[in-house]
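Trainee:
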Amino acid sequence: MKDFTSAPPSGTIDSISILGMTCASCVGRVERAIAKVPGVFSASVNLATERAEVRYDAEPVREAVVAAIRKTGYEVEATTMEVGIEGMTCASCVGRVEKAIAVVPGVLSASVNLATERATIKVLDAGPEMVGAIESAIRGAGYAPHAARVDATDKAVAREEEQRRLKRDLLIAGGLTLPIFLLEMGSHLIPALHHWLAMTIGRTPLYIFYFVLATIVQFGPGLRFYKKGLPALARLAPDMNSLVVLGSSAAWAYSVVATFAPGLLPQGTANVYFEASAVIVTLILLGRFLEAKAKGRTSEAISRLMGLQAKTARILRGADFVEVALDTVEPEDVVQVRPGDRIPVDGTVLTGSSFVDEAMITGEPVPVAKSEGSSVTGGTINKTGSFTYRAEKVGADMMLSQIIRMVESAQGAKLPIQALVDRVTAWFVPAVMAAAALTFGVWWIWGPDPAMTFALVNAVAVLIIACPCAMGLATPTSIMVGTGRAAELGVLFRNGEALQSLTSVGVVALDKTGTLTEGRPLLTDLVVSAGFTRSDILALVAAAEASSEHPVATAIVEAARSEGLIVPEAGTFEAIPGYGIRAMVNDRRIEVGADRFMTSLGVDIAQFADQAADLGTKARTPLYVAVEGQLAALIAVADPIKASTPSAIAALHHLGLRVAMITGDNRRTAEAIAAELGIDEIVAEVLPEGKVAAIKALRAGGRSVAFVGDGINDAPALAEADVGLAVGTGTDVAIESADVVLMGGDLTGVSKAIGLSRATMRNIRQNLFWAFAYNAALIPVAAGVLYPVSGTLLSPMLAAGAMALSSVFVLGNALRLKRFAPAVGSSPRAAMGHPVAQRTSLTD
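As structure tokens, then:
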């Protein structure tokens, strides 16, 4: 038991915001939980401010404290912030920055992405002090922090400036290296050239000439490696730049001694390697230049999305429309859009009409008609007419801004597979340096004459070839390109984990209404009992349903109005979820709903059994009407299947997936739809709250389930599924609960998402295999293991070229994802060969 009466030590103090506390017992529970955490000196929780002040004995144990709070049933309020980071070159840089940020008091977690050069950090308080502390930690690790979110133009300018500097340095290094390389290597290959150089210029003047050129390369274009590599060595945290510095400097320094003080070296070892040091710097600069160009292409998706934003808007000021900057538009402003304009912000049309190209959202090339009351989206393009509209969502609330945030979030994510890379690279660079030192020692002690030369050359080759750049780029570049391509196809990954999880999905479960179907049912049948008339029943039911927002209600009301019936007002209205509705119309109690509703009311529906069965086989949903507790009519509605649904299901089967349908419809209706579409499994007669249980049932046998839905009542199922996919035309609640958003509003996006997920993960595995296999195979070769067998040694120059090639290969392979084309299914029956669906209900 800690003695909290004693004076506190000079440990760190955290202030943690806690959500969910309601009374004094909550406070005591949280305090006791925090106090039990090893390393905590004291804890004081304030209910009014909903904050805990935690004092640590010494080093903060923040993650343990947060875990203790969550274990008691409360949540810690965390803020996510992003910081851009300059100067990272390899996977070891990533690990170093993450560790530096993680120890800052108040930081809960930190994830750094090499490809986006950005850190995503969860903190307890994102105030100026926290920002300053994080930036100081990044600088202390040897890197430069900056604001993460900058304009797309600024990003492009910065990227072009870096490419320009690299190109300049590469041209200088290449121009100075070429004479050394041609003369030195040429003299080895052509004896006559060697003889001529020795007779006309002489060995010492030639070496001095090499020294001048190589020194300019080493400390001119190569200075960038020293600026990063030496501080990293001083901090005992070497990175890729450190390997380059050690390798090229060793070759250069040895050559300087051989040129100006050859007597210091053993007899017969005074050889120069100026060409090796210069070529190493030049080839690595070439790799960096190609890498920078390829990185620019990986982020093109974000740039294109940002380019869709309008720069200005015409808004009503007084009696006139004036053009203003986009960031000055506010909700409720009246905006004017002329032919050819890009719509500035989201809103609703007030006057006028036009056709709008919404391909950026839906992927559909056909312009959509807009008139009074229609919603318009910022970034889409107005075609022919002009109109005014009321601004509703501006700035960060716009759909386009949300899309950009989703893509950025997914591109900056770390997949579970990245954990392997992080574990390896944490010790990789020190291990390489140790391997180089061991190589030098072995060759120096046991190598043939000149042993010193062999030792130096092979140690340098090991240092140069083992750069972990390819490892660090393998995963994030594929994620960037894959999620960018997904955005172009109308598929938005809200988190990176979904990109990996989708590959293991075996069953795709689909909500029926609004997902498989249009979500706009039509009244198809009305059969009345004896003593009732069609017009009277239709008018009564329309009056009862008029207060309901259910699509079936809309179909019935529209049918009554289309027949010119007078629809009276309902006195009271009650919706009974999963069953039906009850209302009082003209002092008569009207109840409309499914067969289970009638059964619960004690109404006998046997007289309509044959008609209901027949309607079910036609994929029409039968509903029953009771007036004053007496069965009055059988109504049937049909929700048209979306035109894209058959081919979408065929595409899923083409990917080897089983397709399930979850619906509240009775089993006969569900079976009819399944037979028409070729669906494999049915979970029928599901109440809204039963969809989670349906997902769990489909998981039987260890299967991974993806669920696709669009409504508010789909949100729990979307969260329960291994991967939740929300149709983008659905509700905000459903979209927020999902891992993936399908912007097009139809199911073709599901096969696109899964196909792209598989392609991306396959691409990542290829990259990782190349990066690891490359190092595993070539480090021993560079160390000289083949020399006793075949006399083969790897020149440091070839090592530098191979190292540069590995990073370029990884980036080039990732860029292949830009050409990804989604699978296209044929007709459902031809693609599947599944004549009968498996019939399931939650009551079976």
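Per the working numbering, the very first residue in the sequence shown carries number -11; after that it's consecutive.
Even for Gly, the Cβ is constructed at its ideal location relative to N, Cα and C.
Quick one: what's got a C-beta closer than 6 Å to valine 540's C-beta in the same chain, skipping five residues either side?
Mentor: Excluding sequence neighbours, valine 540 sits near Pro509 and Val625.
Trainee: Starting from methionine 386, trace the alpha helix (DSSP H) in both directions and tell me its first and last residue.
Mentor: Run containing methionine 386: none; DSSP gives neither H nor E here.
Trainee: Distance check for glycine 340 and serine 866, CA to CA, integer angstroms please.
Mentor: Because the chain spans -11 through 832 in this model, residue 866 falls outside it and cannot be assessed.
Trainee: State the DSSP-derived secondary structure class of isoleucine 1, mapped to helix, strand or coil.
Mentor: DSSP places isoleucine 1 in strand when its eight states are reduced to three.
Trainee: If I'm right that aspartate 583 touches isoleucine 593 with Cβ under 8 Å, what's the distance once you round it to whole angstroms?
Mentor: With a Cβ gap of about 6 Å, aspartate 583 and isoleucine 593 count as contacting.
Trainee: Between which two residues does the alpha helix (DSSP H) containing valine 738 stretch?
Mentor: Where valine 738 is concerned, the enclosing alpha helix (DSSP H) stretches over 736 to 771.
Trainee: Is the beta carbon of glycine 130 closer than 8 Å to that of proline 219?
Mentor: The answer is yes: Cβ separation under 8 Å.
Trainee: Measuring CB to CB, does valine 337 end up less than 8 Å from proline 355?
Mentor: Against a cut-off of 8 Å, the Cβ pair of proline 355 and valine 337 comes out as no contact.
Trainee: Helix, strand or coil for valine 54, going by three-state DSSP, please let me know.
Mentor: Of the three classes helix, strand and coil, the one that applies to valine 54 here is helix, per DSSP.
Trainee: Are the segment 658 to 666 and the segment 545 to 557 touching by the rule of at least three beta carbon pairs closer than 8 Å?
Mentor: Output reads no: the segment 545 to 557 does not touch the segment 658 to 666.
Trainee: Ends of the alpha helix (DSSP H) at leucine 304?
Mentor: Note, leucine 304: premise wrong, no alpha helix (DSSP H); beta strand (DSSP E) at 300 to 305.
Trainee: Which residue wins for smallest C-alpha separation from isoleucine 767, given the options Ala447, Phe169 and Arg305?
Mentor: Among Ala447, Phe169 and Arg305, the Cα nearest to that of isoleucine 767 belongs to Ala447.
Trainee: Going straight from the alpha carbon of leucine 490 to that of glycine 484, what length do you get?
Mentor: Going by the C-alpha atoms only, they are around 10 Å apart.
Trainee: So, helix, strand or coil for phenylalanine 561, using DSSP?
Mentor: Here phenylalanine 561 sits in strand by DSSP.
Trainee: Taking only three categories from DSSP, how would you classify alanine 620?
Mentor: In the structure shown, alanine 620 sits in a strand (DSSP, three-state: E or B).
Trainee: Give the single residue among Val322, Ala694, Pro556 and Ala571 whose Cα lies nearest to the Cα of glutamate 562.
Mentor: Ranking the options by Cα distance to glutamate 562, first place goes to Ala571.
Trainee: By a C-beta neighbour count over all protein chains shown, 10 Å radius and 16 as the cutoff for buried, is valine 420 buried or exposed?
Mentor: Classification of valine 420: buried, given that the 10 Å Cβ count is 16 or more.
Trainee: Which residues does DSSP pair with glycine 697 in a beta bridge?
Mentor: Note: glycine 697 sits in a beta bridge opposite Ala714.
Trainee: Take isoleucine 569 as the anchor and find which of Ile554, Arg549, Val615 and Thr605 has the nearest alpha-carbon.
Mentor: Closest option to isoleucine 569, Cα to Cα, is Val615.
Trainee: So, is aspartate 653 buried or exposed, given that buried needs 16 or more other C-beta atoms within 10 angstroms?
Mentor: Buried, by the Cβ-count rule.
Trainee: State whether the segment 79 to 87 contacts the segment 25 to 36, with contact taken as three or more CB pairs (one from each stretch) at a distance under 8 Å.
Mentor: Not touching, per the Cβ criterion.
Trainee: So, with DSSP's three-state summary, where would you put lysine 606?
Mentor: Lysine 606: coil per DSSP, three-state reduction.
Trainee: Tell me, please, whether the segment 212 to 227 touches the segment 422 to 438 by the rule of three or more beta-carbon pairs shorter than 8 Å.
Mentor: Segments in contact, no.
Trainee: In the DSSP assignment, what residue or residues form a beta bridge with lysine 358?
Mentor: Lysine 358 is bridged to Ser342.
Trainee: Find the nearest neighbour of threonine 104 within the set Val322, His134 and Glu476, judged by alpha-carbon distance.
Mentor: Minimum Cα distance to threonine 104 is reached at His134.
Trainee: What's the gap between the Cα of threonine 365 and the Cα of serine 635?
Mentor: Whole-angstrom Cα-Cα distance: 28 Å.
Trainee: In the DSSP assignment, find the unbroken alpha helix (DSSP H) run with alanine 497 in it and report its ends.
Mentor: Element bounds for alanine 497: not the alpha helix (DSSP H) but the beta strand (DSSP E), 495 to 499.
Trainee: Tell me the rounded alpha-carbon separation between glycine 606 and valine 798.
Mentor: According to the sequence as given, residue 606 is lysine; it is not glycine. If I take the Cα positions, the gap works out to 54 Å.
Trainee: Which one or two residues does DSSP pair with leucine 653 in a beta bridge?
Mentor: For the sequence presented, residue 653 should be read as aspartate rather than leucine. In the DSSP output, where bridge partners are listed per residue, aspartate 653 has none listed.
Trainee: Quick one: Cα of glutamine 390 to Cα of leucine 645, how far?
Mentor: Looking at the two C-alpha atoms, the distance is approximately 30 Å.
Trainee: To which residues does DSSP link asparagine 34 through a beta bridge?
Mentor: BP columns for asparagine 34 point to Arg39.
Trainee: Checking 8 Å against the spacing of the C-beta atoms, do valine 738 and valine 450 come in under that value?
Mentor: Taking 8 Å as the Cβ cut-off, valine 738 and valine 450 do not qualify as a contacting pair.
Trainee: Let me know if phenylalanine 428 comes out buried or exposed under the rule of 16 or more other beta-carbons within 10 Å of its beta-carbon.
Mentor: Counting Cβ neighbours within 10 Å, phenylalanine 428 comes out buried, since at least 16 surround it.
Trainee: State buried or exposed for leucine 735, treating a residue as buried only when at least 16 other CB atoms are found within 10 Å of its CB.
Mentor: Result: buried.
Trainee: How should asparagine 763 be labelled, buried or exposed, when 16 other C-beta atoms within 10 angstroms of its C-beta is the threshold for buried?
Mentor: Buried, by the Cβ-count rule.
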